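Enquirer: Sharing a structure with you now.
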Amino acid sequence: MSNTIGTNFRVTTFGESHGPAIGAIVDGCPAGVSLSVADIQPQLDRRRPGQSTLTTSRAERDQVRILSGVSAGLTMGSPIALVIDNTDCRSEDYEAIQKVPRPSHADFTYCLKYGHTAASGAGRASARETVARVAAGAVAEKFLAVKHNVQIVAWVSAVGGLETPDLTAKTLTRKEVDATQVRCPHEDSARAFAGLIEAVKKEGDSVGGIITCVCRNVPPGWGEPVFGKLNALLAHAMLTIPAAKGFEVGSGFAGARQRGSEQNDLFVLKGGRLGTRTNRSGGIQGGISNGEPLIFRVAFKPASSIAKEQETADYEGRPVKLRIPGRHDPCVLPRAVAIVEAMGALVLADAARQNEECRM
Ligand SMILES: Cc1cc2nc3c(=O)[nH]c(=O)nc-3n(C[C@H](O)[C@H](O)[C@H](O)COP(=O)(O)O)c2cc1C
Numbered sequence: 008m009s010n011t012i013g014t015n016f017r018v019t020t021f022g023e024s025h026g027p028a029i030g031a032i033v034d035g036c037p038a039g040v041s042l043s044v045a046d047i048q049p050q051l052d053r054r055r056p057g058q059s060t061l062t063t064s065r066a067e068r069d070q071v072r073i074l075s076g077v078s079a080g081l082t083m084g085s086p087i088a089l090v091i092d093n094t095d096c097r098s099e100d101y102e103a104i105q106k107v108p109r110p111s112h113a114d115f116t117y118c119l120k121y122g123h124t125a126a127s128g129a130g131r132a133s134a135r136e137t138v139a140r141v142a143a144g145a146v147a148e149k150f151l152a153v154k155h156n157v158q159i160v161a162w163v164s165a166v167g168g169l170e171t172p173d174l175t176a177k178t179l180t181r182k183e184v185d186a187t188q189v190r191c192p193h194e195d196s197a198r199a200f201a202g203l204i205e206a207v208k209k210e211g212d213s214v215g216g217i218i219t220c221v222c223r224n225v226p227p228g229w230g231e232p233v234f235g236k237l238n239a240l241l242a243h244a245m246l247t248i249p250a251a252k253g254f255e256v257g258s259g260f261a262g263a264r265q266r267g268s269e270q271n272d273l274f275v276l277k278g279g280r281l282g283t284r285t286n287r288s289g290g291i292q293g294g295i296s297n298g299e300p301l302i303f304r305v306a307f308k309p310a311s312s313i314a315k316e317q318e319t320a321d322y323e324g325r326p327v328k329l330r331i332p333g334r335h336d337p338c339v340l341p342r343a344v345a346i347v348e349a350m351g352a353l354v355l356a357d358a359a360r361q362n363e364e365c366r367m
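Position 82 of the sequence shown, counted from 1, bears residue number 89 in the working numbering, the numbering being contiguous throughout.
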């Protein structure tokens with residue numbers, strides 16, 4: 008099982024959804040970064056279940072503890088161990104699905120591969136695992152902010168068929184993103200998104216959407232030209248998030264419908280350095296950051312555990328009418344904002360450390 012991401016800034020996560028705790032080991036953070044629980048907890052609170060009626064009601068406090076790697080408020084260059092206890096598991100909610108694999112969840116493939124369904128709560132396939140990524144991502148973000156002034160902000164830009172206007176040219180803050188429960192900084196869209204999620208939830212159904220992420224102040228030169236392309240590393244990281252089904256950087260799939268003359272980012276002097284007039288490349292060319300803001304989008308499917316009746320089959324192939332009980336997210340997007348930011352930070356921290364060694 009692959010549980011580690013990164014080469015120079017490496018993160019290993021551990022723990023199951025219904026085990027005693029979830030955690031991460033962060034290895035490769037340089038010494039001397041000021042770090043405390045206060046740097047990590049706000050992002051965990053943004054990912055936490057039970058934040059609003061738009062998310063699952065599982066009530067985890069998600070308090071992080073730093074077990075190693077930090078002394079007198081500074082990182083020591085040694086592995087940083089982060090632990091978050093699981094306190095609100097309800098294994099009985101999963102009894103109904105012991106004999107029936109949830110359609111489009113991980114139960115069937117996990118069982119085929121490992122011979123068990125992780126007893127309850129989907130084990131390592133559960134989105135509960137992402138609490139560890141968010142904790143580790145906050146460490147990466149602190150390193151990136153202190154050393155390079157990198158700022159990462161993501162928001163919900165589409166729910167179902169509804170979409171915001173393009174907001175990537177604005178310098179949005181997390182405060183603006185968090186002004187609405189749905190984490191969309193465009194008021195009218197936020198209202199429409201929340202209404203759609205509430206309506207879908209009432210029907211016992213779920214809905215997907217898109218998260219847009221912008222990373223500012225990324226210096227030119229991060230990423231590599233062949234297999235270590237920054238866009239490829241971001242795509243990999245984003246598509247490891249449960250329910251993530253699509254990734255695009257810059258103009259992405261829309262760019263496929265353009266001509267070269269419409270797509271090209273023309274060069275221009277910007278405050279004494281060469282930059283681009285537009286940013287359809289999303290800040291990455293040839294796999295290497297070009298000094299413009301990084302812009303990417305991640306598409307999420309609707310959560311598969313729904314209360315609405317589905318005609319499916321049990322593990323023996325017998326037809327079953329399934330209604331999935333328990334506390335599930337009608338839309339994973341508001342909680343996934345912090346996860347997208349965390350995965351972005353992990354990729355950038357790794358690229359930053361790799362770049363330190365690239366030339367004399
Ligand atoms: C923040 C977040 C919360 C999620 N909550 C649920 C949930 O409540 N119910 C559910 O069925 N899936 C949920 N998912 C998605 C599943 O974990 C995911 O669909 C499942 O592991 C199968 O993986 P796949 O969809 O990537 O193939 C959530 C995902 C994220 C990112």
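Note that the Cβ used here is the ideal one computed from N, Cα and C, for glycine as well. Everything numeric in this text was worked out from a predicted model, so none of it was measured.
Between G290 and the rest of its own chain, which residues show a CB-CB distance below 7 Å, the 5 nearest in sequence each way excluded?
Expert: Answer for G290: V225, S296, N297, E299, P300, L301, I302, listed in chain order.
Enquirer: Short check: CB of C338 to CB of I217, under 8 Å?
Expert: Contact: no.
Enquirer: Using a threshold of 8 Å, state whether the C-beta atoms of A356 and A147 are closer than that.
Expert: Yes; because the gap between Cβ atoms is below 8 Å, this pair is in contact.
Enquirer: Which residues in the same chain have their Cβ closer than 7 Å to the Cβ of R68, if we skip the five residues on either side of it in sequence?
Expert: Counting only Cβ-Cβ distances below 7 Å, and skipping sequence neighbours, we find T94.
Enquirer: Rounded to the nearest angstrom, what separates K209 and A239 at their Cα positions?
Expert: For K209 and A239, the distance between alpha carbons rounds to 38 Å.
Enquirer: How about S312: is its Cβ closer than 7 Å to a heavy atom in ligand 1?
Expert: S312: yes, Cβ under 7 Å from ligand 1.
Enquirer: For C36, count the other beta carbons within 10 Å of its own beta carbon; 16 or more makes it buried, fewer makes it exposed. Which is it?
Expert: It counts as buried.
Enquirer: Would you check whether ligand 1 has a heavy atom nearer than 7 Å to the C-beta of P249?
Expert: Because some heavy atom of ligand 1 lies under 7 Å away, the Cβ of P249 counts as near it: yes.
Enquirer: Tell me which residues share the same chain as T19 and place their Cβ nearer than 7 Å to its Cβ, disregarding the 5 neighbours each side in the sequence.
Expert: N10, T11, A31, I32, listed in sequence order.
Enquirer: Is it true that the CB of A345 sits closer than 8 Å to the CB of R135?
Expert: Contact: no.
Enquirer: Please go through the same chain and pick out, in chain order, the residues whose beta-carbon is closer than 6 Å to the beta-carbon of Q361, but skip the five residues on each side of it.
Expert: Excluding positions up to five away in sequence, the list reads N15.
Enquirer: When you compare the CB positions of R198 and W162, do they come within less than 8 Å of one another, or not?
Expert: It is not a contact, given that the beta carbons lie outside the stated cut-off.
Enquirer: If we require 3 or more residues per run, which beta strand (DSSP E) segments fall completely within the stretch 214-275?
Expert: DSSP runs (the beta strand (DSSP E)) wholly in the stretch 214-275: 216-223, 251-256.
Enquirer: Taking 7 Å as the line, does the beta carbon of H243 fall inside it for any heavy atom of ligand 1?
Expert: Outside the cutoff, so no.
Enquirer: Is DSSP giving L61 helix, strand or coil here?
Expert: Note: L61 maps to coil in three-state DSSP.
Enquirer: Rounded to whole angstroms, how far is the Cβ of R131 from the Cβ of E23, which I believe are closer than 8 Å?
Expert: Indeed, because the Cβ distance is near 6 Å, the residues count as touching under 8 Å.
Enquirer: Compute every distance between the C-beta of V305 and the non-hydrogen atoms of ligand 1, then say whether any falls below 7 Å.
Expert: Outside the cutoff, so no.
Enquirer: Judging by CA-CA distance, which residue of K315, P56, S59 is the nearest neighbour of V207?
Expert: Answer by Cα proximity: K315.
Enquirer: Using the beta-carbon count (16 or more within 10 Å), is A359 buried or exposed?
Expert: Flag for A359 reads buried.
Enquirer: Considering just the uninterrupted stretch of the alpha helix (DSSP H) at N17, what are its terminal residues?
Expert: What sits at residue 17 in the sequence shown is Arg, not Asn. Per DSSP, R17 belongs to no alpha helix (DSSP H); it is in the beta strand (DSSP E), 17-21.
Enquirer: Report all residues from its chain with a CB closer than 7 Å to the CB of V327; omit the five preceding and five following residues, and keep chain order.
Expert: Result list for V327: V107, T319, A320, D321, in chain order.
Enquirer: Go ahead and pull the three-state DSSP assignment for Q361.
Expert: Residue state, collapsed to three classes: helix.
Enquirer: Is the Cβ-Cβ distance between M245 and M350 less than 8 Å?
Expert: The answer is yes: Cβ separation under 8 Å.
Enquirer: What three-state label does DSSP hand P326 in the structure shown?
Expert: Reduced to three states, the DSSP call for P326 is strand.
Enquirer: Where do the N-terminal and C-terminal ends of the alpha helix (DSSP H) with T178 fall, by residue?
Expert: Element bounds for T178: n/a, residue is neither H nor E.
Enquirer: In its own chain, which residues sit with a C-beta less than 6 Å from the C-beta of G293, not counting the 5 before and 5 after it?
Expert: So the qualifying residues of the chain are P232.
Enquirer: Start and end of the alpha helix (DSSP H) containing A143?
Expert: A143 -> alpha helix (DSSP H) spans 137-155.
Enquirer: Following the continuous alpha helix (DSSP H) through Q48, name the residue where it begins and the one where it ends.
Expert: Q48 -> alpha helix (DSSP H) spans 44-54.
Enquirer: For ligand 1, I want to know if K369 counts as a neighbour, meaning its beta carbon is within less than 7 Å of at least one of the ligand's heavy atoms.
Expert: This structure leaves residue 369 out entirely; the chain is present only between 8 and 367.
Enquirer: Can you find a heavy atom of ligand 1 that lies under 7 Å from the Cβ of A134?
Expert: Answer for A134: yes, Cβ within range of ligand 1.
Enquirer: Relative to the alpha-carbon of G253, which residue among A142, K177, V347, L329 has its alpha-carbon at the smallest distance?
Expert: Of the candidates A142, K177, V347, L329, the one whose C-alpha sits nearest the C-alpha of G253 is V347.
Enquirer: According to DSSP, is L89 part of a helix, a strand, or is it coil?
Expert: Looking at L89 - three-state DSSP - the assignment turns out to be strand.
Enquirer: Considering only heavy atoms of ligand 1, does any lie closer than 7 Å to the CB of T63?
Expert: Correct: T63 has its Cβ closer than 7 Å to ligand 1.
Enquirer: Considering Cα atoms alone, identify which of C365, L329, R304 is closest to D173.
Expert: Nearest option by C-alpha distance: R304.
Enquirer: Going by Cα to Cα distance, which pick from F115, Q48, G333 is closest to V138?
Expert: Among F115, Q48, G333, the Cα nearest to that of V138 is on Q48.
Enquirer: Mapping the DSSP letters down to three states, classify R72 as helix, strand or coil.
Expert: It is a strand residue.
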